[in-house]
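J.: Let me give you the structure first, and then I'll get to my questions.
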Amino acid sequence: MMMSQQFTRSVARSCRPHSRAVQSRAMAPALSRVPVPQVIDPSTIPGVLANLDCILFDCDGVLWQGDNVVPGATNALNALRAQGKRLLFITNNTSKSRATYVKKFNSMGLDVKASEIVSAAYASAAYLDSIDFKKSGKKVLVLANRGVTEEMDDMGIDWVGGEDWAPPLLTCPADVNQFTLDSDIGAVVVGWDPAFNYSRLAYAAACIRELPGCLFIGTNMDHCDRLQAPNNQPWAGAALPGKPDVVQQPGPQPPRATSRMMPGNGCLVMSVAAAAGREPVVVGKGGPWLLPFLSKRYDLQPSRTAIVGDRLDTDIALGIEGKLLTFMPLTGVTTKEQAMTAGAAGPNYVIESVAVLAGVPVAV
70 MMMSQQFTRS VARSCRPHSR AVQSRAMAPA LSRVPVPQVI DPSTIPGVLA NLDCILFDCD
130 GVLWQGDNVV PGATNALNAL RAQGKRLLFI TNNTSKSRAT YVKKFNSMGL DVKASEIVSA
190 AYASAAYLDS IDFKKSGKKV LVLANRGVTE EMDDMGIDWV GGEDWAPPLL TCPADVNQFT
250 LDSDIGAVVV GWDPAFNYSR LAYAAACIRE LPGCLFIGTN MDHCDRLQAP NNQPWAGAAL
310 PGKPDVVQQP GPQPPRATSR MMPGNGCLVM SVAAAAGREP VVVGKGGPWL LPFLSKRYDL
370 QPSRTAIVGD RLDTDIALGI EGKLLTFMPL TGVTTKEQAM TAGAAGPNYV IESVAVLAGV
430 PVAV
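The sequence shown maps to residues 70 to 433 in our numbering.
Spelled out as structure tokens, the structure:
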């Protein structure tokens, strides 16, 4: 049951950070790039912004950290809108649908329309719509939570699975050998799935391997996300996914001044890829599908478009691929040292936060 060495090498290559960005940079002609990123401040930003019509923003680590707004972010977005800049919000977070993101933006005091938001959850449904998946008469097995399933519903795509799905319990080789697949499944979408387990993995992999023409779609390949340091308050416990009446036992929260890295959705996607022996179509930032979709849907002019993001392997890679101006705020997963030494995979500019980009005070 071992994978071939060829596929193993392929998986290993896809896990290497920034490889696509480096290749894209090597093949593309230079576009106003500098040997190392420039660190800019409010005094130098107006001249840069003057040449931009549209700015793409990542959300987590750029506009907010968890449920906390990055200081100055709301004023920054309002100021950029007042300058006539078109803003789009591109996130690989699949935990929320666009409708839910609108509510979050509104809670920040910003009027954002669903049409201005492109999440990886929405991208998975948009990709299936772009290939006329509904005409196949098949349905999608969703290994993800409601952010993805709500977007499937909005797009009119039939699905099974989701956060409450209970696949056959697979505890031994005999279980794996005997369960029956749903032959109506024509695609597997893997997104953020806190309920991910061996049974889900085995069922999804079998669908991809055994059902004729079954598609394999990964929402995004982010390998980790940075969490804020805890506030040292006791953990109150949380309901288990799909079991609101079953609460995990509370436990003490150890004192810790540093942030923690949380495994991201890429870990789940690659688990399914390894089990299925096939690489996915990645529809979020970092994959090949998103940029052509954005360019067509929003009529982007690369020379007058910028992207602001905190990840080299997704946000900055997307900008390099599309020959966009790239800004990296130091409020997310990438440190200043990492940004400044990334070489060909680095951003054009490093900024302390989005407040600097807009030239507004950093105020809570």
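We put the beta carbon where it would ideally sit given N, CA and C, even for glycine.
1) Residue ranges of each beta strand (DSSP E) run of no fewer than 3 residues wholly in the region 178-228, ordered along the chain?
2) To which residues of the same chain is D251 closer than 7 Å at the C-beta, ignoring the five residues directly before and after it?
3) Out of L393, Y418, E421 and V131, state which residue places its alpha-carbon closest to the alpha-carbon of D434.
4) Return the chain-ordered list of same chain residues with a C-beta closer than 6 Å to the C-beta of F285, the five sequence neighbours on each side being excluded.
5) Based on DSSP bridge pairs, tell me the residues matched to L284.
6) Give the DSSP bridge partners of W133, in chain order.
7) Using only alpha-carbon positions, find the residue among A243, P361, P332 and V341 that is nearest to A275.
8) I159 and L121 - do their beta-carbons sit closer together than 8 Å?
9) Identify which residue in L359, G355 and A344 has its Cα closest to the Cα of Y267.
10) Do the CB positions of A375 and L360 come within less than 8 Å of each other?
11) Given a cut-off of 8 Å, decide if T288 and V352 are closer than it, judged by their beta-carbon atoms.
12) Give me the Cα-Cα distance between Q407 and G255, rounded to the nearest whole angstrom.
13) Could you spell out where the beta strand (DSSP E) holding F158 opens and where it closes?
14) What's the gap between the Cα of V338 and the Cα of M290?
15) Using a Cβ-Cβ cut-off of 6 Å (strictly less than) and excluding sequence neighbours within five positions of P237, which residues of its own chain qualify?
16) In the DSSP output, which residue or residues are listed as bridge partners for D382?
17) Excluding the 5 residues preceding and the 5 following P37 in the sequence, name in chain order all residues of the same chain whose CB lies nearer than 6 Å to its CB.
18) With respect to the beta strand (DSSP E) encompassing T395, which residues constitute its N-terminal and C-terminal limits?
19) Taking one C-beta from the region 201-208 and one from the region 169-178 each time, how about it: are there three or more such pairs within less than 8 Å?
20) Figure out for me which residue from P111, D110 and C283 has the closest Cα to the Cα of K207.
21) Expressed to the nearest angstrom, what Euclidean distance is found between the alpha-carbon atoms of A273 and A213?
22) Cβ atoms of G141 and P332: under 8 Å apart, would you say?
23) Which residues mark the beginning and the end of the beta strand (DSSP E) in which A375 is found?
24) Give me the Cα-Cα distance between T169 and T240, rounded to the nearest whole angstrom.
25) Using a threshold of 8 Å, state whether the C-beta atoms of G412 and N334 are closer than that.
26) Examine the ligand NAD and report whether any of its heavy atoms sits within less than 7 Å of the Cβ of G141.
27) Name the DSSP beta bridge partners of M331, please?
28) Measure the alpha-carbon distance for Y196 versus W133 and round it to whole angstroms.
29) Report all residues from its chain with a CB closer than 8 Å to the CB of L210; omit the five preceding and five following residues, and keep chain order.
30) Assign C336 to one of three DSSP states: helix, strand, or coil.
31) Look at the alpha carbon of K365 and the alpha carbon of S184, and state the distance between them as a whole number of angstroms.
32) Please report how far the alpha carbon of T143 lies from the alpha carbon of R269, in whole angstroms.
33) What did DSSP end up calling G391 once you bin it into helix, strand or coil?
T.: If we stick to the structure as given:
1) 186-188 and 208-212
2) V229
3) Not covered by the structure: residue 434. The range shown for the chain is 70 to 433.
4) V257, I277, R347 and P349
5) A256
6) D129 and V138
7) Comparing Cα positions, the closest option is V341.
8) No. Outside cutoff.
9) A344
10) no
11) Closer than 8 Å, so yes.
12) 41 Å
13) R155 to T160
14) 7 Å
15) Sequence-distant Cβ neighbours of P237 in its own chain, meaning closer than 6 Å and more than five residues away, are F248.
16) Paired residue(s): none; D382 is not in a bridge.
17) Residue 37 is absent from the structure shown; the chain starts at 70 and stops at 433.
18) L394 to P398
19) no
20) C283
21) Taking the straight line joining both Cα atoms gives about 12 Å.
22) no
23) T374 to V377
24) 36 Å
25) no
26) Questions concerning the ligand NAD fall outside what the structure shown contains, since it holds no ligand whatsoever.
27) D294
28) 27 Å
29) W228, V229, G230, D251, I254, A256, V257, V258, Y272, A273 and C276
30) If DSSP states are grouped into helix, strand and coil, C336 belongs with the helices.
31) 14 Å
32) 39 Å
33) Look at G391 here: in three-state DSSP terms it is helix.
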